[in-house]
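Trainee:
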Amino acid sequence: MKIQKPEDLSKVKKQGVELLAPATARITVGAATCGNAKGALKLIEAFKHELKKQKVKADVVAVGCNGMCFAEPIVEVIKAGKPRVTYGRVTVDHVADVVKSLKTGKVIEALALLRYDEEKPAVCLEPLKYVKGKAAAGFAKIKEYKKVDFFKNQLKLVSRNAGTISPERIEEYIARGGYAALAKALSSMTPQDVIAEVSASKLRGRGGAGFPTGIKWDACRKASGERKYVVCNGSEGDPEIAMHRSFLESDPHAIIEGMALAGYAIGAQEGWIYLNDRYVLAYERVSTAIAQAEQAGLLGSNIMGSSFSFTLKVKRGGGAYVCGEETALLNALEGSFGEPRPRPPFPVQKGLFGMPTVVNNLETLANIPLIVMHGGKWFSSIGTAASTGTKIVALSGNIAQRCWVEVPMGTTIDTIIAKFGKTDPKKVKAFQTGGPSGGILPAKALKVKLDYDALAKQGTLLGSGGILVMGEGTDMVDMARFFTDFFAEESCGKCVPCREGVKRLQEIIETFMEGRGSKEHIALIRRMSEGMRDASFCALGKTAAAPLLSVIQHFPKELEKRMNKN
93 MKIQKPEDLS
103 KVKKQGVELL
113 APATARITVG
123 AATCGNAKGA
133 LKLIEAFKHE
143 LKKQKVKADV
153 VAVGCNGMCF
163 AEPIVEVIKA
173 GKPRVTYGRV
183 TVDHVADVVK
193 SLKTGKVIEA
203 LALLRYDEEK
213 PAVCLEPLKY
223 VKGKAAAGFA
233 KIKEYKKVDF
243 FKNQLKLVSR
253 NAGTISPERI
263 EEYIARGGYA
273 ALAKALSSMT
283 PQDVIAEVSA
293 SKLRGRGGAG
303 FPTGIKWDAC
313 RKASGERKYV
323 VCNGSEGDPE
333 IAMHRSFLES
343 DPHAIIEGMA
353 LAGYAIGAQE
363 GWIYLNDRYV
373 LAYERVSTAI
383 AQAEQAGLLG
393 SNIMGSSFSF
403 TLKVKRGGGA
413 YVCGEETALL
423 NALEGSFGEP
433 RPRPPFPVQK
443 GLFGMPTVVN
453 NLETLANIPL
463 IVMHGGKWFS
473 SIGTAASTGT
483 KIVALSGNIA
493 QRCWVEVPMG
503 TTIDTIIAKF
513 GKTDPKKVKA
523 FQTGGPSGGI
533 LPAKALKVKL
543 DYDALAKQGT
553 LLGSGGILVM
563 GEGTDMVDMA
573 RFFTDFFAEE
583 SCGKCVPCRE
593 GVKRLQEIIE
603 TFMEGRGSKE
613 HIALIRRMSE
623 GMRDASFCAL
633 GKTAAAPLLS
643 VIQHFPKELE
653 KRMNKN
């Protein structure tokens, strides 16, 4: 259906609600890349076959990842009038029993993780009800999601739809409040109003630097240029995390709506999404979502009957870590080598194709519909005074539960590790935030808050939100070598301080690995890191020595053990 005016959204919303809570039944399978690796695609085919065999009517839907990577494959079952039930670690052997449960109306307690009686997504005006009153008989033993540790300790705003909706059905996104913020902006707000709300929210860039989004947008709107662009940075290069990929595979329309709102605010009519080349499924789902938005009239000319027009394109890059730097990303979009540009001029002055450009991380953009719907004041009430809102973080390393979650800014690292990683902080030796560019901190720093300034005081950064946990047996010198090798591999080679500096760091760390290190080597590392920090062209070179410096500062005895005794 073509949405020609804001009021038309309600008709599509009704269609989406009927898909999410059908009159018959609905079976969803978490089929993001992580779920597919655990057999989700085989499950989907098995469910379709078994439904025919048992003559049961149900819609089998591939959805994204709800963050519970430790319990995949995830399957959810909804039968009209019954609670929505989440099952974990489902295999093909369980399929027949799950289908049978639709006929009997009973729940499989051994597989069930939690249930939903009703749910109110962040931008919905009314809750989505699965049952009325108390849970139906036979479901009481299954914990409601609000009482399950994994969800009760989260604040799912940006990730509200992940693992619930089909990323390839625009109706389901709209059913949960999707595109309502765009309708509100186009019908009752000026571009300056949108920027004012974003500024009032105190939203800071979620890609690492933490620059205030409202200031960036305002500067771009005021910049002169024949055209302006919005660019979504989806180039996630940190090893061991894939939050961007999972989010794009789960809720691509949230990014599209956020980009359209950004375009309206700064006066841009064209946007680009830059993806890591390895994100094949994300590319497919984003491309499908863009085509659906175009068909629905939510992208293109005169959106919802307004004077605003906006188009989107997707480009896959080579996956280089340095392309996370915004000017290197712009070069890659233009077809040039992915290496940083001199600044100034900044992208808001002279960016893509020489025109004023806003480059935002995809999580930053996914926050925009929330801010427009609820207001900047509401958003700024969440988190801390200087770091507002929520943050999606991914846990990896020596933990019991690998997962990604969304928590309020200000949550302490030890809380995240204990509540979501199900790991005793006392068994943690060290941790790293901010990916390779972040510092490695000792266990005594676990009380640090998820806050830009608090982490900076500890000598690290928030980055994209990855938290790498290192257990008691971790060799810290070996960890420093791993990250130094990573930087050597990912350096674009443009500037000598980075290109040659990282190679020299590799050589020095090898002397320690061979037991030939010395105090002079440590002094040399410190001097070299200062030169790299001051003279490198971009943040990659400036922070390349961070992991090694962290080991020198926090784990000096481990280096001493590898020194030449003579």
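Numbering (the working numbering), first residue to last: 93 to 658.
For glycine and all other residues, C-beta sits at the position ideal for the given N, C-alpha and C.
In this text, all values refer to a predicted model and were calculated from it rather than measured experimentally.
Going by other Cβ atoms of all chains shown within 10 Å of its Cβ, with 16 needed for buried, is lysine 536 buried or exposed?
Mentor: Here residue 536 refers to the residue found at position 444 when the sequence shown is read from its first residue. It is exposed - the Cβ of lysine 536 has fewer than 16 other Cβ atoms within 10 Å.
Trainee: Are there three or more Cβ pairs, one per stretch, closer than 8 Å when the region 469 to 489 is compared with the region 556 to 565?
Mentor: yes
Trainee: Leaving aside the five residues before and after alanine 214 along the sequence, list all residues of the same chain whose C-beta is less than 7 Å from its C-beta, in chain order.
Mentor: Here residue 214 refers to the residue found at position 122 of the sequence shown. The answer, listed in chain order, is Leu249, Arg252 and Leu462.
Trainee: Identify which residue in Phe438, Glu592, Ile257 and Ala124 has its Cα closest to the Cα of alanine 315.
Mentor: Along the sequence shown, read from residue 1 onward, the residue named residue 315 stands at position 223. Taking only the C-alpha atoms, the option nearest alanine 315 is Phe438.
Trainee: Just reading off the alpha helix (DSSP H) that cysteine 312 is part of, what are its end residues?
Mentor: Here residue 312 refers to the residue found at position 220 when the sequence shown is read from its first residue. Per DSSP, cysteine 312 belongs to the alpha helix (DSSP H) from 305 to 314.
Trainee: Considering only residues of the region 235 to 315, which uninterrupted alpha helix (DSSP H) runs meet the minimum length of 4 residues and lie entirely inside it, listed in chain order?
Mentor: 241 to 244, 262 to 267, 272 to 280, 283 to 293 and 305 to 314
Trainee: Where phenylalanine 629 and threonine 525 are concerned, what is the direct C-alpha to C-alpha distance, given to the nearest angstrom?
Mentor: Residue mapping note: residue 629 aligns to position 537 of the sequence shown, counting from 1. Residue mapping note: residue 525 aligns to position 433 of the sequence shown, counting from 1. Looking at the two C-alpha atoms, the distance is approximately 23 Å.
Trainee: Which partner residues of valine 187 appear in the DSSP bridge assignment?
Mentor: Within the sequence shown, numbered from 1, the residue matching residue 187 stands at position 95. None; valine 187 has no bridge partner.
Trainee: Which ranges would you report for the alpha helix (DSSP H) in the region 452 to 503 if only whole runs of at least 4 residues count?
Mentor: 454 to 466 and 468 to 472
Trainee: Between Phe647, Ala123, Ala115 and Ala311, which lies nearest to threonine 566 when the distance is taken from Cα to Cα?
Mentor: Translated into the one-based positions of the sequence shown, residue 566 becomes position 474. When only C-alpha atoms are compared, the closest one is Phe647.
Trainee: Can you tell me the Cα-Cα spacing of alanine 357 and glycine 557, whole angstroms?
Mentor: Residue numbering aside, residue 357 sits at position 265 when the sequence shown is read from its first letter. Residue numbering aside, residue 557 sits at position 465 when the sequence shown is read from its first letter. Rounded to whole angstroms, alanine 357 to glycine 557 spans 27 Å at the Cα level.
Trainee: According to DSSP, is isoleucine 119 part of a helix, a strand, or is it coil?
Mentor: The count along the sequence shown starts at 1 and reaches residue 119 at position 27. DSSP places isoleucine 119 in the strand class (E or B) of the three-state scheme.
Trainee: Give a yes or no on whether the C-beta atoms belonging to glutamate 417 and proline 432 are separated by under 9 Å.
Mentor: Numbered from 1 along the sequence shown, position 325 holds the residue referred to as residue 417. Numbered from 1 along the sequence shown, position 340 holds the residue referred to as residue 432. Cβ distance < 9 Å, so glutamate 417 and proline 432 count as in contact.
Trainee: So valine 499 and threonine 482 are supposed to be a Cβ contact under 8 Å. How far apart are they, rounded?
Mentor: Here the question's residue 499 lines up with position 407 in the sequence shown. Here the question's residue 482 lines up with position 390 in the sequence shown. With a beta-carbon spacing of about 6 Å, valine 499 and threonine 482 fall inside the 8 Å limit used to define contacts.
Trainee: Just the Cα atoms here: how many angstroms apart are glycine 607 and arginine 654?
Mentor: Working through the sequence shown from its first residue, we reach residue 607 at position 515. Working through the sequence shown from its first residue, we reach residue 654 at position 562. Taking the straight line from one Cα to the other gives about 4 Å.
Trainee: Whose C-alpha, out of Ser342, Glu318 and Gly300, is nearest the C-alpha of glutamate 663?
Mentor: The displayed coordinates of the chain run from 93 to 658. Any statement about residue 663 would go beyond what the structure contains.
Trainee: Which of the three DSSP states is assigned to proline 534 in this structure?
Mentor: Numbered from 1 along the sequence shown, position 442 holds the residue referred to as residue 534. Proline 534: strand per DSSP, three-state reduction.
Trainee: Around the C-beta of aspartate 285, are 16 or more other C-beta atoms found within 10 angstroms, so that it is buried, or is it exposed?
Mentor: Against the sequence shown, residue 285 aligns to sequence position 193. Result: exposed.
Trainee: Quick one: grab the DSSP three-state call for glycine 527.
Mentor: Working through the sequence shown from its first residue, we reach residue 527 at position 435. Helix.
Trainee: Taking the straight line between their C-alpha atoms, what separation do you get for alanine 383 and histidine 141?
Mentor: By 1-based counting over the sequence shown, the position of residue 383 is 291. By 1-based counting over the sequence shown, the position of residue 141 is 49. Going from the Cα of alanine 383 to the Cα of histidine 141 covers about 30 Å.
Trainee: Considering only the beta carbon of each residue, do glutamine 361 and threonine 419 sit closer than 9 Å?
Mentor: For this step, residue 361 is matched to residue 269 along the sequence shown. For this step, residue 419 is matched to residue 327 along the sequence shown. No, the Cβ-Cβ distance between glutamine 361 and threonine 419 is not below 9 Å.
Trainee: Leaving out five residues before and five after threonine 120 in sequence, what residues of the same chain have Cβ atoms less than 6 Å from its Cβ?
Mentor: Here the question's residue 120 lines up with position 28 in the sequence shown. Excluding five sequence positions before and after threonine 120, the CB atoms of its chain that fall closer than 6 Å to its own CB belong to Val153, Val155 and Glu168, given in chain order.
Trainee: Among Met396, Pro639 and Gly270, which has the Cα closest to the Cα of glycine 108?
Mentor: In the sequence shown, counting from the first residue as 1, residue 108 sits at position 16. Of the listed residues, the one whose Cα sits closest to glycine 108 is Gly270.
Trainee: For my contact list, glycine 593 and glycine 633 are in at a C-beta cut-off of 8 Å; report their separation, rounded to the angstrom.
Mentor: Mapped onto the sequence shown, residue 593 falls at position 501. Mapped onto the sequence shown, residue 633 falls at position 541. Their Cβ separation, rounded to whole angstroms, is 7 Å, which keeps glycine 593 and glycine 633 in contact under 8 Å.
Trainee: Comparing alpha-carbon positions, which option in Val540, Lys521, Ile532 and Pro534 lies nearest isoleucine 508?
Mentor: Taking the sequence shown and counting its residues from 1, the one referred to as residue 508 is at position 416. The residue with the shortest Cα to Cα distance from isoleucine 508 is Val540.
Trainee: Thinking C-alpha only, which one of Leu373, Asn394 and Gly363 is nearest valine 450?
Mentor: Your numbering for residue 450 matches position 358 in the sequence shown. Of Leu373, Asn394 and Gly363, the residue nearest in Cα terms is Gly363.
Trainee: To the nearest angstrom, how far is it from the Cα of isoleucine 365 to the Cα of lysine 103?
Mentor: Here residue 365 refers to the residue found at position 273 when the sequence shown is read from its first residue. Here residue 103 refers to the residue found at position 11 when the sequence shown is read from its first residue. Answer to the nearest angstrom: the Cα atoms are 29 Å apart.
Trainee: Can you tell me the Cα-Cα spacing of methionine 501 and glycine 302, whole angstroms?
Mentor: In the sequence shown, residue 501 corresponds to position 409, counting from 1. In the sequence shown, residue 302 corresponds to position 210, counting from 1. So the alpha carbons of these two residues sit roughly 13 Å apart.
Trainee: Starting from isoleucine 348, trace the alpha helix (DSSP H) both ways and give me its first and last residue.
Mentor: The residue given as residue 348 occupies position 256 in the sequence shown. From DSSP, the alpha helix (DSSP H) with isoleucine 348 extends over 344 to 358.
Trainee: Using only alpha-carbon positions, find the residue among Val569, Pro283 and Ala631 that is nearest to lysine 649.
Mentor: To locate residue 649, count along the sequence shown from 1; it is residue 557. The option with the nearest alpha carbon to lysine 649 is Val569.
Trainee: Would you kindly report the start and end of the unbroken alpha helix (DSSP H) that includes aspartate 506?
Mentor: In the sequence shown, counting from the first residue as 1, residue 506 sits at position 414. Per DSSP, aspartate 506 belongs to the alpha helix (DSSP H) from 505 to 511.
Trainee: With three or more C-beta pairs closer than 8 Å as the rule, is the region 182 to 192 touching the region 287 to 306?
Mentor: no
Trainee: In its own chain, which residues sit with a C-beta less than 7 Å from the C-beta of lysine 308, not counting the 5 before and 5 after it?
Mentor: For this step, residue 308 is matched to residue 216 along the sequence shown. Answer for lysine 308: Val440 and Val450, listed in chain order.
Trainee: Per DSSP, which one or two residues make a beta bridge with arginine 176?
Mentor: Here residue 176 refers to the residue found at position 84 of the sequence shown. BP columns for arginine 176 point to Tyr208.
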